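Participant: Attaching a single structure in structure tokens format; questions to follow.
Chains as they are written, first to last, in our numbering: chain A, -13 to 96; chain B, 9 to 122.
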């Protein structure tokens, strides 16, 4: 049973544009929502994370928006760069294990 | 080492063979996780250790999968009688503490069962 749904599956953005990836969850007990970035041949690396007591968190060019009532959260990458080209995974948990989304492959063209 | 180290990097096994995958977590990290990542998919939880105690093994797909962390540091994931559906990247991650600590992933072991 997929508990975290992620979209889109792939995304193509021009350099300098905004990349937006969306996730929806089902389990209302989830209370930790991280985003991971994965390059080919590498393990996922934590990008940014949010707890449900805030609606937005910003770190540099990366922002998480969180809508508790809609059970949705999204990642915004401002001023997207070719180096941001990677696969992005949202995740959620309320215990020790993270439940990951299916991933979004982002390609940023110069 | 600076990060989580996994070996081997690649493993090819014939169906029916046993394999052992090793994980060296970041020194001092209490928690250790194993995830399975199929091609084009997100990582899926297999099992979790806190020190040497295996606290959750609910994600192990069958009794052919076994994990251990006898001294609370290095961990081994063993798969017996491998099947083609076991082909995947096996990721190990460690964290300093339990809940909400950032997970640090290794680069994984890509297992191909022929």
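The beta carbon of each residue, even a glycine, is placed where N, CA and C say it ideally should be. No experiment lies behind these values; they were computed from the predicted model shown.
Would you mind listing the beta strand (DSSP E) stretches within the region -12 to 41 of chain A that are 3+ residues and don't spill past its ends, in chain order?
Facilitator: -10 to -7, -4 to 0, 5 to 11, 19 to 24, 31 to 36
Participant: In chain order, which beta strand (DSSP E) runs of at least 3 residues are fully inside the region 35 to 81 of chain B?
Facilitator: 39 to 45, 52 to 58, 61 to 64, 73 to 76
Participant: Taking the straight line between their C-alpha atoms, what separation do you get for residue 90(B) and residue 55(B)?
Facilitator: Each residue's Cα considered, the two are about 18 Å apart.
Participant: Quick one: which chain B residues come within Cβ less than 9 Å of residue 54(A)?
Facilitator: None at all; the shortest Cβ gap to chain B is about 17 Å.
Participant: Cα-Cα, which of 68(A), 30(A), 78(A), 47(A) is closest to residue 59(A)?
Facilitator: If you compare the alpha carbons of 68(A), 30(A), 78(A), 47(A) with that of residue 59(A), the shortest gap goes to 78(A).
Participant: Could you spell out where the beta strand (DSSP E) holding residue 47(A) opens and where it closes?
Facilitator: First-last for residue 47(A): undefined, no H or E at that position.
Participant: Establish whether the CB of residue 83(B) and some CB of chain A are separated by less than 8 Å.
Facilitator: no
Participant: Return the first residue and the last residue of the beta strand (DSSP E) that residue 27(B) is part of.
Facilitator: 27 to 32
Participant: Can you give me the C-alpha to C-alpha distance between residue 73(B) and residue 1(A), rounded to a whole angstrom?
Facilitator: 44 Å
Participant: On a CA-only basis, which of 32(A), 38(A), 69(A) is nearest residue 16(A)? Give me that one, please.
Facilitator: 38(A)
Participant: Cβ of residue 36(B) less than 8 Å from any chain A Cβ?
Facilitator: no
Participant: For the beta strand (DSSP E) containing residue 56(A), name the first residue and the last one.
Facilitator: That residue, residue 56(A), is in no beta strand (DSSP E); it is neither H nor E in DSSP.
Participant: For residue 71(A), collect the residues of the same chain with a Cβ closer than 8 Å to its Cβ; drop the 5 residues on either side in sequence, then sort them by chain order.
Facilitator: The residues are 92, 93, 94.
Participant: Within 10 angstroms of its Cβ, does residue 67(A) collect 16 or more other Cβ (buried), or is it exposed?
Facilitator: exposed
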